[in-house]
Amino acid sequence: MAKLHIVGAGAIGSLIAAGAEKHGVAYARYPKPHSTIPETVKWNDSDIVSLSAPASTPSCLCQDDVLVLPLKVYQLKHALLAWSSYLENRPPLVLLHNGLGGDEIATSVLGENYPILLATTSHGALKEPDGKTATYTGLGKTQIGLPRRGDMARNDKHLPWVQEASALLNTALPPVDLVDDITRALWQKLAINCVINPLTALNNMRNGGVLLKEYDEIRHALCREFAIVAEQYGLVFSVQELEKNVLSVASLTAQNYSSMHQDIAMDRHTEIDAINGYIVSLANKKGISVPTHALMVDRVKGLVL
Ligand code: KPL
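Quick note on this note's numbering: the sequence shown kicks off at 1 and runs consecutively.
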């Protein structure tokens, strides 16, 4: 029976584990040593799902298993180096994180031909302050797909390993949409994070604060610079479309605190390098100036100094 191997002790990983537990999918969890890992998840129907104890030593994974990495981009390299010796059967990896840059890290550790899927989720989950419980705060969906590679054929998503890995995740935590162009979906999500995350962290406000008139100008500048950089990398977005998506997510999640707001509030490392920092580094490679994204990076880094 194919098994989901879930790395880390975060809220989304716990949600996937709870879905696997509820729906009869075999799974194992691998938190970092000494981290507090949720033992139960409060499901969205108030059911309390008890999770299996962490598996301390990973055994060699089977080819039809799936290794899910719901980690921050800055944690990925270390995790993949630690896992690489258990991956000789080449089970597929699923990278699930905010921001971009994870695929480059994974291919630098495992090589261009390693079977990798990229995913983004809009399910809401949060780890309670005691660290021992997580709560499923909002039903969403997960989009998954193959990273763009030069030789990619349109029907690659019909490859058996791609279908099987996404079906396994869909059984655990539906709905999972296997999409033709995950890169575009990830950039769309990146634009949302580039605006909501730094503005909420810098101004100590909930996501709904981004809707205020006083942020019109900066929202627009961030979306405009984003669209210019994206176009240089073959992704065409209209500034209006990006702003509309930002406003829609800010209003749907108006009462929530963004992950970057939470990271700052809890004195944790932020994901700014994989979000606005990713845009700045791509812009630099093309000689484009993105002063508003660069300002966000500097100011967020200033908050944690
Ligand atoms: O992904 C998010 C985050 O907080 O990181 C958003 C979409 C902004 C929702 O809070």
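The beta-carbon is built from N, C-alpha and C at its ideal position, and this holds for glycine as well. Bear in mind the structure is a predicted one, so any value in this text is a computation, not a measurement.
For residue j and residue i, the rounded distance between their alpha carbons
i: N111; j: L169; result: Looking at the sequence provided, one finds Gly at residue 111 rather than Asn. Near 24 Å, if we compare the C-alpha coordinates of L169 and G111.
i: N256; j: R206; result: 6 Å
i: S248; j: N89; result: 43 Å
i: R302; j: C223; result: Residue identity differs from the one stated: residue 302 is Gly in this sequence, not Arg. When rounded, the distance between both Cα atoms is 23 Å.
i: N203; j: D298; result: 14 Å
i: G101; j: R268; result: 20 Å
i: T253; j: S122; result: 11 Å
i: Y136; j: P92; result: 26 Å
i: K141; j: A230; result: 24 Å
i: G378; j: A250; result: Outside the displayed span of the chain (1 to 305) sits residue 378, for which this structure offers no information.
i: G13; j: V280; result: 29 Å
i: E271; j: I182; result: 20 Å
i: Y114; j: L282; result: 24 Å
Backbone secondary structure at residue i - three-state DSSP
i: Y368; result: Outside the modelled stretch of the chain, which goes from 1 to 305, sits residue 368, for which no answer is possible.
i: D273; result: helix
i: Y278; result: helix
i: Q75; result: helix
i: I288; result: coil
i: G124; result: strand
i: V176; result: strand
i: Y136; result: strand
i: K22; result: helix
i: S84; result: helix
i: V7; result: strand
i: I327; result: The question about residue 327 has no answer here: the residues shown for the chain are numbered 1 through 305.
i: I228; result: helix
i: I37; result: coil
i: A221; result: helix
i: A119; result: strand
Boundaries of the beta strand (DSSP E) in which residue i is found, first to last residue
i: K42; result: 40 to 42
i: V66; result: 66 to 69
i: I144; result: 142 to 145
i: L212; result: Run containing L212: none; DSSP gives neither H nor E here.
i: L93; result: 93 to 96
Terminal residues of the alpha helix (DSSP H) in which residue i lies
i: N196; result: For the sequence presented, residue 196 should be read as Ile rather than Asn. Note, I196: alpha helix (DSSP H), 182 to 202.
i: T171; result: 160 to 172
i: L252; result: 239 to 252
i: V109; result: 102 to 110
i: H261; result: 259 to 265
Any C-beta of chain C under 8 Å from that of residue i
i: Q188; result: Absent here is chain C; the protein component of the structure consists of one chain.
Flag this pair as touching only if the segment 75 to 93 and the segment 36 to 51 have three or more C-beta atom pairs under 8 Å; answer yes or no. no
Any contact between the segment 259 to 272 and the segment 208 to 217? By contact I mean 3 or more CB pairs, one from each, below 8 Å. no
Could you tell me whether the segment 230 to 238 touches the segment 161 to 177, using the rule of 3 or more Cβ pairs below 8 Å? no
Contact between the segment 22 to 34 and the segment 3 to 14 is defined here as three or more beta-carbon pairs at a separation below 8 Å; is this criterion met? yes
Can you find at least 3 beta carbon pairs, one from the segment 38 to 48 and one from the segment 62 to 76, that sit closer than 8 Å? no
So does the segment 192 to 201 actually touch the segment 124 to 139, counting three or more Cβ pairs closer than 8 Å? no
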